[in-house]
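Structure record follows, encoded as structure tokens.
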Amino acid sequence: MSGSAADAAARWFTECYAAEPDGVWHAPGRVNLIGEHTDYNEGFVLPFALSQGVRAAASRRDDGLLELRSRQAPDDAAAVPLGALAPGLPGGWAAYPAGVAWALLGTGRPVGGASIAIDADLERGAALSSSAALECATALALTELYGLSVDRRDLAALARRAENEFVGVPSGIMDQSASLLCEQGHALLLDCRSGESSAVPLDLAAVGLVLLVIDTRVRHALSDGRYAERRRSCEDAARALGVASLRDVTDALDGIERVDRLSDPVLRRRARHVVTENARVLETVGLLRAGEATRIGPLLTASHVSLRDDFEISWPQADATVEAAVASGALGARMTGGGFGGSVIALVPTPASGVVRAGIEDAYAGRGWKPPRFLDALPSAGAHRLR
Ligand code: GLA
525 MSGSAADAAA RWFTECYAAE PDGVWHAPGR VNLIGEHTDY NEGFVLPFAL
575 SQGVRAAASR RDDGLLELRS RQAPDDAAAV PLGALAPGLP GGWAAYPAGV
625 AWALLGTGRP VGGASIAIDA DLERGAALSS SAALECATAL ALTELYGLSV
675 DRRDLAALAR RAENEFVGVP SGIMDQSASL LCEQGHALLL DCRSGESSAV
725 PLDLAAVGLV LLVIDTRVRH ALSDGRYAER RRSCEDAARA LGVASLRDVT
775 DALDGIERVD RLSDPVLRRR ARHVVTENAR VLETVGLLRA GEATRIGPLL
825 TASHVSLRDD FEISWPQADA TVEAAVASGA LGARMTGGGF GGSVIALVPT
875 PASGVVRAGI EDAYAGRGWK PPRFLDALPS AGAHRLR
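Each residue of the sequence shown is one higher than the last, beginning at 525 in our numbering.
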């Protein structure tokens, strides 16, 4: 993370509050390499942190007020006494950072007032976890401002609680874990049942590959009900199979045969996605650890097909991007994130990246869609203090 991003956030703080901030903290967005909609099924995920993310420049204040401003929403400031924080107050973007303060207070941690100025270089709604980055930057800022030592896994759980209970989005633990626990040059294998995680080397350049992130420019919102609906189907499928969660089916030797015996065709498809996706995560990790990153492409594409046909959460631009990427030389491609909008990733031999980009751009132009955006995705460090 460059010093200039820290300086820009500090300058924004000074514009907002006419003072220097006590500190500046950064939390990254993430790309999920593979393992989609598995986290709330107690399964496996494999995200990595981006270099892009959210900065929180912040200072303590002694009047018990939490004041929140964002350079990305300059007309939408919030100032709420800590004691008055409650789901719905504040709403909008400020609910994410405010929810973190509320969650910290809810566990008896003595955070006090703060002035926070947010700055970000991550698009919202692009499925790159801008919300989790906002939560995690705030969580680090508040805990460090008040000298609280909170283990990063606990901090991820608190940030998730803010999103689930304060904002009202029933998301899993992947995004906050990625933002807080990822390491530079690595993806993070997270077992969402045990909470155990390990760093998996992801040096694609060393094997002549690049991972393109393609923002399809279709915006998604996890709060629109379809995410929650998928989650409920997974719980219904687990109940019909007589297990606590679909992870138990993954672990069973006859897992997929059991799923195929489910009588409800929708639950059967949803469960099939989760069980096969968990297997694909573990296979991907095996290949990466064996230095065989060039062989993970088909797993990425299989994940997309499963999300498209069984989980039914892809969208036309995502399907067209995957198809165009693979047709023009990508080794594999898939949608990433919660679905219904956002971004696609494509694993591409470096010399072919121009051709693949052009192939995708042509596919959009041919359909009259607004052009996609391409992002650099370098496996980066998790959240940290910048100054
Ligand atoms: C969103 C949620 C995550 C996870 C993904 C799908 O990003 O926040 O918890 O469920 O969708 O894998």
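Positions of the beta carbon are idealized from the N, C-alpha and C atoms, including for glycine.
{"Query": "Leaving out five residues on either side along the sequence, give the residues of the same chain with a beta carbon under 7 Å from the beta carbon of Cys540.", "Result": "Arg593 and Ala641"}
{"Query": "Give a yes or no on whether the C-beta atoms belonging to Arg584 and Asp546 are separated by under 9 Å.", "Result": "yes"}
{"Query": "Could you pull the start and end residues of the alpha helix (DSSP H) that Leu831 belongs to?", "Result": "Gly821 to Asp833"}
{"Query": "Run through DSSP, which three-state label would Asp563 get?", "Result": "helix"}
{"Query": "Could you tell me which residues DSSP pairs with Asp739 in its beta bridges?", "Result": "Ser867 and Arg897"}
{"Query": "What are the boundary residues of the alpha helix (DSSP H) that includes Val805?", "Result": "Pro789 to Arg813"}
{"Query": "Does the distance between the C-beta of Ala651 and the nearest non-hydrogen atom of the ligand GLA fall short of 8 Å?", "Result": "yes"}
{"Query": "Should Ser695 be listed as close to the ligand GLA, given that the test is whether its C-beta is under 8 Å from any heavy atom?", "Result": "yes"}
{"Query": "For Asn802, verify whether its CB is less than 8 Å away from any heavy atom of the ligand GLA.", "Result": "no"}
{"Query": "Excluding the 5 residues flanking Gly709 on each side, which residues of the same chain have their C-beta closer than 8 Å to its C-beta?", "Result": "Pro725, Leu726, Asp727 and Pro903"}
{"Query": "Using the Cβ count rule (16 or more neighbours within 10 Å means buried), how would you classify Ser701?", "Result": "buried"}
{"Query": "For Pro875 and Leu735, what's the separation of their Cα atoms in angstroms?", "Result": "12 Å"}
{"Query": "Is there a Cβ of chain B sitting closer than 9 Å to that of Thr845, yes or no?", "Result": "The structure shown contains no chain B, having only a single protein chain."}
{"Query": "Per DSSP, what kind of secondary structure is Gln927 in: helix, strand or coil?", "Result": "Any question about residue 927 goes unanswered here, given that the chain covers just 525 to 911."}
{"Query": "Under a three-way DSSP split, which group does Ile780 fall into?", "Result": "helix"}
{"Query": "In angstroms, rounded to a whole number, what distance separates the CA positions of Ala762 and Asp833?", "Result": "20 Å"}
{"Query": "What residue does the alpha helix (DSSP H) around Ile884 start on, and which one ends it?", "Result": "Ser877 to Arg891"}
{"Query": "Assign Leu765 to one of two classes, buried (16 or more other C-beta atoms within 10 Å of its C-beta) or exposed (fewer than that).", "Result": "buried"}
{"Query": "I want to know whether the stretch 764 to 779 touches the stretch 891 to 901 - three or more CB-CB distances under 8 Å.", "Result": "no"}
{"Query": "Taking only three categories from DSSP, how would you classify Val724?", "Result": "strand"}
{"Query": "With a CB to CB cut of under 8 Å and the five nearest residues on each side skipped, what residues in its chain are close to Arg881?", "Result": "Leu736 and Phe898"}
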